Each structure stands twice: as C-alpha cells, then as structure tokens.
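Report on one structure; see the data block that follows.
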Amino acid sequence: MAEKRKSWQRAEPDNRLRGRAGQKQRQRRMDRTDGLCEMCEEEGLVVLATVVNHKVPLAHGGEDIDSNTENLCARHDAIVTAKQFSKSVPIEGKGIGRNGRPTSADHPWNRARRG
Ligand SMILES: [Zn+2]
-11 MAEKRKSWQR AEPDNRLRGR AGQKQRQRRM DRTDGLCEMC EEEGLVVLAT VVNHKVPLAH
49 GGEDIDSNTE NLCARHDAIV TAKQFSKSVP IEGKGIGRNG RPTSADHPWN RARRG
C-alpha cells in the first residue's frame, strides 16, 4: 500500500538540488556566461541574468544538468517559459520613449481607448 503523502511533501519529487548545494550549482551555471543573459547577448545587449532556466523543463522530463540550462533575464525567461508551457507569449517591451511611455504599439497604454 502506498504511503500517504504529507501535505508538505511533493506529489512527484523532481530531484532538483535544494539548499546550499542548489545555490552552489546555480552559481556555477551563472558563472558560465558571467551572469549575463544568453538571449540578450545574441541580440547584442548586455543584461544581467536573473534566472537559470532549464531548456527542457524538468516538468517535461528534462535533466537537471548544466548542459540543459541557460541563463536568462526576467524578460527572456517569461518569453521562453510561456513558449515551453504553450501559454500566450507576454507582450514584449520594445523600449520606453523620452516621455517615459512605452513605445510598443501593442502595449495596452498605446491601444486605442474604448469609448
Ligand atoms: Zn535577456
């Protein structure tokens, strides 16, 4: 008979390293790109990465190994994660004008007002 799962236990263990070992692993992976976002680098931008993303998500059976990770900024993490999990891709910021308003035409602030 299966053990009853306690409320604090995960339904499916994901074998992700946690605690101090997890921090060390994250630091090693971030060091690979000097802590910079890999996708921004491809766009010619220099942006600090805030997320170590799994290219094949652990939830999709991806391995928790360095070669399955990429360092991303929050913007790229949101885009990549949405694609990985087939959610709608967030509106991509295209910059802010001198007046402080977003320049992207599809930003809600720039859509035609109802009325
Ligand atoms: Zn980025």
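Numbering-wise, my numbering puts 16 at position 28 of the sequence shown, and it's gapless, one number per residue.
Ideal Cβ positions, reconstructed from N, Cα and C, are used throughout, including at glycine.
Values in this document were obtained by computation on a predicted structure and should not be read as measured data.
In this structure, E30 sits away from N41, with a CB-CB distance that is not shorter than 8 Å. Under the Cβ criterion (8 Å, minimum of three pairs), the segment 59 to 77 does not count as touching the segment 90 to 101. In terms of side-chain proximity, the C-beta atom of V40 is found no nearer than 7 Å to any non-hydrogen atom of ligand 1. Classified as buried, L60 has 16 or more neighbouring CB atoms from the shown chains inside 10 Å of its CB. According to DSSP, N41 shares a beta bridge with E58. E26 has its alpha-carbon roughly 12 Å from the corresponding atom of R17.
DSSP, reduced to helix, strand and coil, places I53 outside both helices and strands of the structure shown, so it counts as coil. Per DSSP, the continuous alpha helix (DSSP H) segment holding D19 begins and ends at 7 to 19.
Our two residues, I84 and A37, have alpha carbons roughly 21 Å apart in a direct line.
A Cβ-Cβ distance of about 20 Å is found for the pair R8 and L46, leaving them out of contact under the 8 Å criterion.
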